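In what follows, a single structure is set out as structure tokens and then discussed.
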Amino acid sequence: MKVATWNVNSLTARRTRVEAYLLSEDLDILLVQETKQNDAKFPFESLRELGYEAAHYGQGQWNGVAIISRVGLEEVTRGFGDDDPEARCIGAICGGLQVYSCYVPNGRALDDPHYAYKLRWLAALRDLVARRPDGQRLIVGGDFNVAPSDLDCHDPSAFLGATHVSEAERTAVQEIIEMGVVDVTRHLHPDEPCFSWWDYRNGSFRRGCGLRIDLLLVSANLLPSVRASYVSRDQRKGEKPSDHAPVVVELEPF
DNA sequence: ATGTCACAGTCCCTGTGA
Numbered sequence: 220m221k222v223a224t225w226n227v228n229s230l231t232a233r234r235t236r237v238e239a240y241l242l243s244e245d246l247d248i249l250l251v252q253e254t255k256q257n258d259a260k261f262p263f264e265s266l267r268e269l270g271y272e273a274a275h276y277g278q279g280q281w282n283g284v285a286i287i288s289r290v291g292l293e294e295v296t297r298g299f300g301d302d303d304p305e306a307r308c309i310g311a312i313c314g315g316l317q318v319y320s321c322y323v324p325n326g327r328a329l330d331d332p333h334y335a336y337k338l339r340w341l342a343a344l345r346d347l348v349a350r351r352p353d354g355q356r357l358i359v360g361g362d363f364n365v366a367p368s369d370l371d372c373h374d375p376s377a378f379l380g381a382t383h384v385s386e387a388e389r390t391a392v393q394e395i396i397e398m399g400v401v402d403v404t405r406h407l408h409p410d411e412p413c414f415s416w417w418d419y420r421n422g423s424f425r426r427g428c429g430l431r432i433d434l435l436l437v438s439a440n441l442l443p444s445v446r447a448s449y450v451s452r453d454q455r456k457g458e459k460p461s462d463h464a465p466v467v468v469e470l471e472p473f
């Protein structure tokens, strides 16, 4: 079983790339963020021809999250069941896994109301993880817009006073992890940066100036099944890349 | 180097968000 998360920065602009990646990577489940399209535009038909079902929570030109699966897709949930007005979380049961695709608010700046919204949003996600049923196999994947530690940032000194690295954001992510999930890429690669995002500007990718902000949080009961986790860096290369690369986890059958 | 994308509307440029 192979599961990936990918902020595609517009599925309209990235559809061909996403479809090619599903096949080349032989994915069972892809958790997508920033589709930036409404449900009417989502390529359900095209994905079906490739053997995938999909569920989409779209919001016009902003946000938008999806789950693409070839191992079943049931019990789809949109949002947290609270009053979040933005399309940032979709859940489903696929192949015996409860999966969520999450697009955590950016925050913009520490003194911006969007930053407070980001912290509230992460607290709501923590509560969602906390109240899962005993024994559930859970994967929460997405663009967290938080670099959990300094190893996840190419230049921590350049980010002083910025979002993505603040103590409150890191604490909020840590509080989710304390609910019994594991940041699986970091768990398997304790010393490598494993960046997943590089700014389009400044030749950031070429210069290695990235962040690790796309995470796969897997419930601890899945750890014995975990075989590998890695970043598909090649997807940041070539024609019209997203500014994010996909992050993958491979699981043995359970 | 405030250096790139993608989107929608003001519609072939500009403002916004990332």
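If you read the first sequence in my numbering, its first letter stands for residue 220, the second for the next number, and so on.
Just so it is clear, CB atoms sit at the ideal spot from N, CA and C, and this is done for glycine as well.
Keep in mind the model is a prediction, meaning the values are calculated, not measured.
- Counting only runs that start and end inside the stretch 355-400, the alpha helix (DSSP H) elements of at least 4 residues fall at 386-396.
- Looking at the DSSP output, C321 shares a beta bridge with C308 and G361.
- Using a Cβ-Cβ distance cut-off of 8 Å, the stretch 341-356 and the stretch 438-451 are in contact, since at least three pairs of beta carbons, one from each stretch, lie closer than that value.
- The three-state reading of DSSP puts D346 in helix, counting H, G and I together.
- By the beta-carbon neighbour count (other beta carbons within 10 angstroms, threshold 16), G326 is buried.
- With fewer than 16 other beta carbons inside 10 angstroms of its own, F473 counts as exposed.
- In the three-state reduction of the DSSP assignment, S243 falls in the helix class.
- Fewer than three beta-carbon pairs drawn from the stretch 305-314 and the stretch 370-386 are found closer than 8 Å, and the two stretches are therefore not classed as touching.
- Here R426 is exposed. Its C-beta has fewer than 16 other C-beta atoms within 10 Å.
- For K459, the number of other beta carbons within 10 angstroms of its own is below 16, and it is reported as exposed.
- In this model, D453 and I396 are separated by some 29 Å (Cα to Cα).
- As DSSP reads the structure, I287 sits in a beta bridge with L249 and A273.
- Closest in alpha carbon position to Q393, among L434, Y419 and F378, is L434.
- Counted as a single uninterrupted DSSP element, the beta strand (DSSP E) harbouring S448 occupies residues V445 to V450.
- Separation of A223 and V403 (C-alpha to C-alpha, rounded to the nearest whole angstrom) is 12 Å.
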